[in-house]
Structures are given as C-alpha cells and as structure tokens.
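Right, one structure below, let's go through it.
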Amino acid sequence: MAKIGDIDVGEFPLLLAPMEDVSDPPFRALCKEQGADVVYTEFISSEGLIRDAAKSVMKLDIYEKERPVGIQIFGANLESMLQSVEIVEKSGPDIIDINFGCPVKKVVSKGAGAGILKDIDLMVSLTDAMVKHTKLPVTVKTRLGWDHDSIKILEVAERLQDVGCKAISIHGRTRAQMYKGEADWAPIAEVKNNPRMHIPVFGNGDVDTPERAMEMRDKFGLDGAMIGRASIGYPWFFREVKHYFETGEHLAPPNLQERVEAARRHLQMSIDWKGEKLGVFETRRHYTNYFKGIPHFKEYRMKMVTSDDAADVFAAFDEVEKEFAGFEFA
C-alpha cells in the first residue's frame, strides 16, 4: 500500500494531475466519483498568493468530498514560497505539492516550474525549507531533467527524499520535450528501483489506456500513476483503469445519457463556483472528449464552445441527448 506521509492512498493509486484551468473543484469532484484516489488543485503561483491575487486565491477552494487532496504551488523565491505555505495551510489540504515540472515559458522564465531543473541545489533547498515550515506532507512533481543531456533524476529524487519529501511524481519527459514525443518511463523505474528510495514514486506522462496504466504498474514497478490529459472531458478513465486491473477486461464506455448528465453537472458546478461567464468559458475544453465518437457532431460542438450564454449550452446538451438517443459508443 502506498502512503504519503501518514495518508494511506491505496495499492497503486490513480492520481489526478494538477492541470491549469482543468483540475478545478467541479472537475475534481467528477474524477473523484469515478475512482481517482488523490486529486490535486491547479498549480498556484506563490507570488499570486502573497499578493492576494483573486485567481490564485480562488484555486485554494477545496471540499471534504475530495480528500485526500493536494494543493500545488510553484515559485522560485524562498520567502514567497514559505509565505504561500502559510496561506495554503489555512485551506486545510492533506498534502502540499511543489511544482518543479511545468514547462510553460512564462513560468520557466521566472526560474519556477521546470526552470528550476537548471538549479538542483535551489530545488533541494526550497523543498527542505518548505518541509521544515509545515506539518503537512510535502510532495514534488517534476520532470526527468531540463534536456536530454542534463537528466539527473536519480540524484534529484534521492536528495529530495533526504530533505523530507514524502512522495515524488515524475513526468517521463524533459522540459525541452514539452509534451512532444513519447514519455520515457525507464528513468522513473530506475528511481523506484534505487535501494535508497523508500518514498512512493508515481509515474506521469502518456497514461492514456488501461493497458498503459497496467504496464506502469507491472513492467515498470511504480507505486501509482498520475493521470493528466486522458482524463480531460473523460473522468470515467479512472473507473475504466480500475475495472481493467480487477478483471483484465475493458469496461463498456459511458452511454450518451451518462455523458450528457456529466456535462450538465460539470457546467452547473462550474457556474456555481466561478460565475456564468468564467464557468461557461473554462468548461469548453472538455466537450470534445465528452462526446468523442459521435459522427457529424461539429454543429453541436460549435454551439457548446462559442456561446457565452449558459442557457444556450444547456440547450445544446438537450439537442444532443434527443438527436443521438440510442447511439452506442465503441
């Protein structure tokens, strides 16, 4: 059984990855219902938190039904990171996660996210200080390295563990790769198989089928899988993986009614949480996957992703439910 500090997260847990404008409370709730064992917030800027920036503060919202839930923060300034830990603690998460892996230029250019992979000593010292500054378990999400020529993940993982990191999630790409090419899980397995390592090592990157999740567990021997893009607009991915683990068979995909109902709930929860304008806008990215496989769907998708009026989007859901009643997903 994997444990993050004193938190039992089960045997080979499935973790919802922190994704900007994706892993908000409404989506986390849906993923939790479908079997996600641990969920993480969108990544939050430490500088934004200490400036009391509205968008950053809003991301601190968590709910009892999500637990165990981790709040992820990023930054490169020690004082700001420590202040942000104090702010985060007040929201009552189970875990504080540090993002040392985001490859986006606006984050990296400030030396944060994957930018810190150029300065391993700073990565370790920041983690050390944060561990000492909170009683909550501190975990890290990172990448293999800055580029192919600077992969030091074995050393990095050891050093992070030595200063008190309670688990590490590793994306199987370098920052230079961004999200291109295939994720390489072999170096993650080397971290796991290092006899000095005793904290959970979770794999991330290209876990997009139940078979791939099983491969991460059985071939590479990792402690759990962090699921990102495969879950966008498809929270059922978690239950499908678990069903496959239990039976060796694929679970039938959700039917049209399940998909429409999930889309309705998702949109309504988003509106309730962040207002109609933002709720409508930030839920758009999910609709392609909610209804993937339906032929001649473009007309309906365009209604869903171009209207700023929630009533129009709900009406489009109703149209889809009526027009494609009985459609069977492969």
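The number in the numbering used here is simply the position in the sequence shown, starting from 1, with 289 added. Yeah, the Cβ is synthetic: ideal placement off N, Cα and C, and Gly gets one too.
Please check the pair residue i and residue j, which I expect to be a contact at CB under 8 Å, by giving their CB distance rounded to whole angstroms.
{"i": "Asn578", "j": "Tyr533", "result": "Not a contact, Cβ separation roughly 19 Å."}
{"i": "Ile333", "j": "Ser369", "result": "Actually they do not touch by this definition, with Cβ atoms about 12 Å apart."}
{"i": "Cys454", "j": "Thr416", "result": "6 Å"}
When burial is assigned at 16 or more other CB atoms within 10 Å of the CB, is residue i buried or exposed?
{"i": "Thr595", "result": "exposed"}
{"i": "Lys611", "result": "exposed"}
{"i": "Met515", "result": "buried"}
{"i": "Gly615", "result": "exposed"}
{"i": "Asn493", "result": "buried"}
{"i": "Pro484", "result": "exposed"}
{"i": "Tyr329", "result": "buried"}
{"i": "Thr536", "result": "exposed"}
{"i": "Gly364", "result": "buried"}
What does the alpha-carbon distance come out to for the pair residue i and residue j?
{"i": "Lys441", "j": "Ile488", "result": "18 Å"}
{"i": "Pro302", "j": "Asp295", "result": "15 Å"}
{"i": "Val420", "j": "Gly510", "result": "27 Å"}
{"i": "Lys531", "j": "Ala519", "result": "14 Å"}
{"i": "Phe389", "j": "Val429", "result": "7 Å"}
{"i": "Pro476", "j": "Arg432", "result": "10 Å"}
{"i": "Met347", "j": "Arg356", "result": "18 Å"}
{"i": "Met290", "j": "Gln361", "result": "23 Å"}
{"i": "Arg574", "j": "Leu411", "result": "35 Å"}
{"i": "Ala456", "j": "Met505", "result": "17 Å"}
{"i": "Glu479", "j": "Glu444", "result": "11 Å"}
Using C-beta distances below 7 Å, list every residue in its chain close to residue i, excluding the 5 sequence neighbours before and after it, in chain order.
{"i": "Glu378", "result": "Thr423, Leu425"}
{"i": "Ala418", "result": "Leu367, Leu371"}
In three-state terms, what does DSSP make of residue i?
{"i": "Val413", "result": "helix"}
{"i": "Gln323", "result": "coil"}
{"i": "Met370", "result": "helix"}
{"i": "Val329", "result": "The residue you asked about is not Val; residue 329 is Tyr in the sequence shown. Correct three-state label for Tyr329: strand."}
{"i": "Gln361", "result": "strand"}
{"i": "Asn483", "result": "coil"}
{"i": "Met467", "result": "coil"}
{"i": "Val429", "result": "strand"}
{"i": "Leu567", "result": "helix"}
{"i": "Met308", "result": "coil"}
{"i": "Val393", "result": "coil"}
{"i": "Lys292", "result": "strand"}
Taking 6 Å as the limit between beta carbons, can you name the residues of its chain near residue i, skipping five residues before and five after?
{"i": "Gly624", "result": "No answer is possible for residue 624: it lies beyond the span of the chain, which begins at 290 and ends at 619."}
{"i": "Glu322", "result": "none"}
{"i": "Pro542", "result": "Phe618"}
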